[in-house]
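Student: Dropping the structure in here first, questions after.
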Amino acid sequence: MIQIGIIGSGAMGSGIAQVAAMAGHKVKVYDKNEAVLKKAEANLKATLAKLVEKQKIDEDKANSIIVNTHYTPSLNDFKDCGLVIEAIVEILEVKQKVFAEIETIVNENCILASNTSSLSIASIASACKKQERVIGIHFFNPAPLMPLVEIIPSITTSDEVLNQSKKLIDSWGKTTVITKDTPGFIVNRVARSYYGESIRIYEEGIADFATIDWAMKTFGRFKMGPFELMDFIGNDVNYKVTESVWTQFFYEPRFKPSLTQKRFYEAGWYGRKSGRGYYNYAEGAVMPSPKQDENLGKYIFNRVLCMLINEAVDTMYLNIASREDIETAMTKGVNYPKGLIQWGEEIGWNNVLTTIQNLYVEYQEDRYRPSVMLKRLADKQ
Ligand SMILES: NC(=O)c1ccc[n+]([C@@H]2O[C@H](COP(=O)([O-])OP(=O)(O)OC[C@H]3O[C@@H](n4cnc5c(N)ncnc54)[C@H](O)[C@@H]3O)[C@@H](O)[C@H]2O)c1
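Sequential numbering of the sequence shown, starting at 41, is according to my numbering.
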């Protein structure tokens, strides 16, 4: 079994290290911050103790994982790794520097992967001499619990590296999908409408946060409403991803961030973790009640859902991923109750197209233009 190296032992790196170690690999974990490294080591021990207590794993397994996971302050310890996954800060120049450095340490067959959420794999790979060994392997948070992993070959990645990476991550019990190296990959691209259209509905004064959340949960069976979910993810993280996807798509209006969320981000109203976001999480704070108006709820749900379906169809149209992988990504990566393309079929392509076209006629904004494929699907119906 190959040795796995993880660079960065924050939220994602430590989770990915746990997944790899539980799959039986020897794992090396490096972070430039030794305090974070120590904390990650202590957290792994605590997590394993809990898993033993819950009888999910036995003590021997827990001990072997501890023995096999080495937290090291030196990247030189990665020289025997067969795969290195980088999960450090989301800054291109910092990642490029780390990739250039790690390439001088590992052997020539070692695969170098990035867990980036929003940067292009081609730009990270450009720091390496052997660009064909660089690939995106994008886990979701928390990595030990979320089943989906997006595998992102860049234009320079070799087929062999793609196949080996997919096979390996599948063997860890994860569900993999393959996506082109485009901003947001599948999940973070398609899901933008869930947040963006909901904020837009709020900004227009059509409904408040609680009512929009209620509508999406009641009529769409989404597990969390968009505002609850943004507060859970963090408005800092969510805003930054939106801004990054928008700018990388050359300011595509469909992905345009909202000033509402920007102000929440600027004010430090990140959500649950800061105690205040779209909702107030202070002790004793009263959660607002939704306005349970069925017509309003159905309008909100239909508008957001159709925007999501339009994006999923466009992702398929542009061959970013296969239909099957788009459906898997949204159901396993963000727990949508149903694949969006199946949902479109069920409610009828003509209905989806009419909703989007009506929005376009009303607002005369490019964000409401239907995908060419949506028009073709509606024509065929
Ligand atoms: N948090 C999420 O929900 C999530 C989900 C999927 C992907 N990602 C991506 O995973 C990566 C890591 O995110 P995170 O949430 O774990 O961040 P984090 O802030 O929790 O951890 C990042 C770690 O990287 C370390 N680090 C920074 N620069 C370094 C360097 N030059 N060398 C070594 N270590 C360095 C930091 O000390 C820190 O411990 C990012 O690229 C992010 O976009 C995050």
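We treat Cβ as the ideally placed atom computed from N, Cα and C, and that holds for glycine. Computed from a prediction, not measured in an experiment: that's the story for all the values here.
Considering just the uninterrupted stretch of the alpha helix (DSSP H) at K302, what are its terminal residues?
Tutor: Start at 1 with the first residue of the sequence shown, and residue 302 comes out as number 262. Note, K302: alpha helix (DSSP H), L299 to E306.
Student: Mind checking V189: buried by the 16 CB within 10 Å criterion, or exposed?
Tutor: As a first step, residue 189 is located in the sequence shown; it is residue number 149 there, counting from the start. V189 comes out buried.
Student: Could you tell me whether any non-hydrogen atom of ligand 3 is closer than 7 Å to the CB of F180?
Tutor: Among the ligands present in this structure, namely ligand 1, ligand 3 is not found.
Student: Output the boundary residues of the alpha helix (DSSP H) element that contains G236.
Tutor: Translated into positions along the sequence shown, residue 236 becomes position 196. R232 to E243 is the extent of the alpha helix (DSSP H) around G236.
Student: Of all the options N147, I177, L185 and N181, which has the alpha carbon lying nearest to the alpha carbon of K169?
Tutor: If you number the sequence shown from 1, residue 169 lands on position 129. Closest option to K169, Cα to Cα, is N147.
Student: Any contact of the region 355 to 372 with the region 219 to 230, i.e. 3+ C-beta pairs under 8 Å?
Tutor: These segments touch.
Student: Tell me A63's beta-bridge partners as DSSP assigns them.
Tutor: If you number the sequence shown from 1, residue 63 lands on position 23. Paired residue(s): none; A63 is not in a bridge.
Student: I'd like to know whether the C-beta atoms of R240 and S298 end up nearer to each other than 8 Å.
Tutor: As a working note, residue 240 is residue 200 in the sequence shown. As a working note, residue 298 is residue 258 in the sequence shown. It is a contact, given that the beta carbons lie within the stated cut-off.
Student: Based on the DSSP output, what are the partners of F179 in its beta bridges?
Tutor: In the sequence shown, counting from the first residue as 1, residue 179 sits at position 139. Answer by DSSP bridge pairing, in chain order: V189.
Student: I need the straight-line Cα distance from Q382 to D333, nearest angstrom please.
Tutor: Taking the sequence shown and counting its residues from 1, the one referred to as residue 382 is at position 342. Taking the sequence shown and counting its residues from 1, the one referred to as residue 333 is at position 293. For Q382 and D333, the distance between alpha carbons rounds to 27 Å.
Student: How big is the Cα-Cα spacing for Q136 and S114?
Tutor: Along the sequence shown, read from residue 1 onward, the residue named residue 136 stands at position 96. Along the sequence shown, read from residue 1 onward, the residue named residue 114 stands at position 74. The straight-line gap from Cα to Cα measures roughly 18 Å.
Student: Hey, I46 and V69 are a contact pair by Cβ (cut 8 Å); roughly how many whole angstroms apart?
Tutor: Residue 46 sits at position 6 when you count from the first residue of the sequence shown. Residue 69 sits at position 29 when you count from the first residue of the sequence shown. That belief holds up - the Cβ atoms of I46 and V69 are roughly 5 Å apart, short of 8 Å.
Student: From what residue to what residue does the alpha helix (DSSP H) around Q288 run?
Tutor: For this step, residue 288 is matched to residue 248 along the sequence shown. N275 to Q288 is the extent of the alpha helix (DSSP H) around Q288.
Student: Please report the Cβ distance between N108 and V67, rounded to the nearest whole angstrom; I am assuming they are in contact, meaning their Cβ atoms lie under 8 Å.
Tutor: What you label residue 108 is simply residue 68 of the sequence shown in a count that begins at 1. What you label residue 67 is simply residue 27 of the sequence shown in a count that begins at 1. Right, the Cβ-Cβ distance comes to about 6 Å (below 8 Å), so this counts as a contact.
Student: As a quick exercise: from S49, G64, N342 and F267, pick the residue whose alpha carbon is nearest that of L84.
Tutor: For the purposes of this step, residue 84 is taken as the residue at position 44 of the sequence shown. Closest option to L84, Cα to Cα, is S49.
Student: Go to C346, then tell me how far its alpha helix (DSSP H) extends in each direction, as first and last residue.
Tutor: Within the sequence shown, residue 346 is the residue found at index 306, counting from 1. Per DSSP, C346 belongs to the alpha helix (DSSP H) from E334 to Y357.
Student: Give the secondary structure of R409 by DSSP, where H, G and I count as helix, E and B as strand, and everything else as coil.
Tutor: Stepping through the sequence shown from its first residue, residue 409 is reached at position 369. Coil.
Student: Runs of 3 residues minimum, wholly inside the region 102 to 160: which ones carry the beta strand (DSSP E) assignment?
Tutor: Here the runs fully enclosed are 109 to 112, 121 to 126 and 151 to 154.
Student: Check whether the Cβ of S49 sits closer than 7 Å to any heavy atom of ligand 1, and report yes or no.
Tutor: As a working note, residue 49 is residue 9 in the sequence shown. Because some heavy atom of ligand 1 lies under 7 Å away, the Cβ of S49 counts as near it: yes.
Student: Between which residues of its own chain and T287 is the CB-CB distance below 6 Å, once the five residues before and five after are set aside?
Tutor: Sequence index remark: in the sequence shown, residue 287 carries index 247 (1-based). Cβ within range, chain order: n/a, list empty.
Student: Just grab the DSSP bridge partners of K68 for me.
Tutor: Looking up residue 68 in the sequence shown gives position 28. Beta-bridge pairing links K68 to G45 and H110.
Student: Using the Cβ count rule (16 or more neighbours within 10 Å means buried), how would you classify K263?
Tutor: The residue labelled residue 263 in the question sits at position 223 within the sequence shown. With fewer than 16 Cβ atoms within 10 Å of its Cβ, K263 is classed as exposed.
Student: Count the CB pairs spanning the region 192 to 209 and the region 160 to 175 that are closer than 8 Å, and state whether there are at least three.
Tutor: The region 192 to 209 vs the region 160 to 175: in contact.
Student: Report all residues from its chain with a CB closer than 7 Å to the CB of A231; omit the five preceding and five following residues, and keep chain order.
Tutor: Taking the first residue of the sequence shown as position 1, residue 231 is located at position 191. Contacts found: V374.
Student: Please determine if the region 263 to 283 and the region 207 to 214 are in contact, where contact requires at least 3 C-beta pairs separated by less than 8 Å.
Tutor: No, they do not touch.
Student: Could you check what DSSP says for I246 in three-state terms: helix, strand or coil?
Tutor: Here the question's residue 246 lines up with position 206 in the sequence shown. I246: coil per DSSP, three-state reduction.
Student: Touch check for the region 124 to 131 and the region 51 to 65: three-plus C-beta pairs under 8 Å?
Tutor: Judged by Cβ distances under 8 Å, the region 124 to 131 makes contact with the region 51 to 65, as three or more pairs qualify.
Student: If we ignore side chains and look at the alpha-carbon of each, how far apart do M256 and F341 end up?
Tutor: Within the sequence shown, numbered from 1, the residue matching residue 256 stands at position 216. Within the sequence shown, numbered from 1, the residue matching residue 341 stands at position 301. Roughly 5 Å separates the two Cα atoms.
Student: Please check the pair M41 and A183, which I expect to be a contact at CB under 8 Å, by giving their CB distance rounded to whole angstroms.
Tutor: By 1-based counting over the sequence shown, the position of residue 41 is 1. By 1-based counting over the sequence shown, the position of residue 183 is 143. Not confirmed; about 19 Å, so no contact.
Student: Give a yes or no on whether the C-beta atoms belonging to A247 and P328 are separated by under 8 Å.
Tutor: Translated into the one-based positions of the sequence shown, residue 247 becomes position 207. Translated into the one-based positions of the sequence shown, residue 328 becomes position 288. It is not a contact, given that the beta carbons lie outside the stated cut-off.
Student: If I'm right that N350 touches L414 with Cβ under 8 Å, what's the distance once you round it to whole angstroms?
Tutor: To locate residue 350, count along the sequence shown from 1; it is residue 310. To locate residue 414, count along the sequence shown from 1; it is residue 374. Contact flag correct, Cβ pair sits at about 6 Å.
Student: Can you tell me whether DSSP reads N203 as helix, strand or coil?
Tutor: Against the sequence shown, residue 203 aligns to sequence position 163. Helix at N203.
Student: Answer with buried or exposed for E93, where buried requires no fewer than 16 other C-beta atoms within 10 angstroms of its C-beta.
Tutor: As a working mapping, residue 93 is identified with position 53 in the sequence shown. E93 should be labelled exposed.
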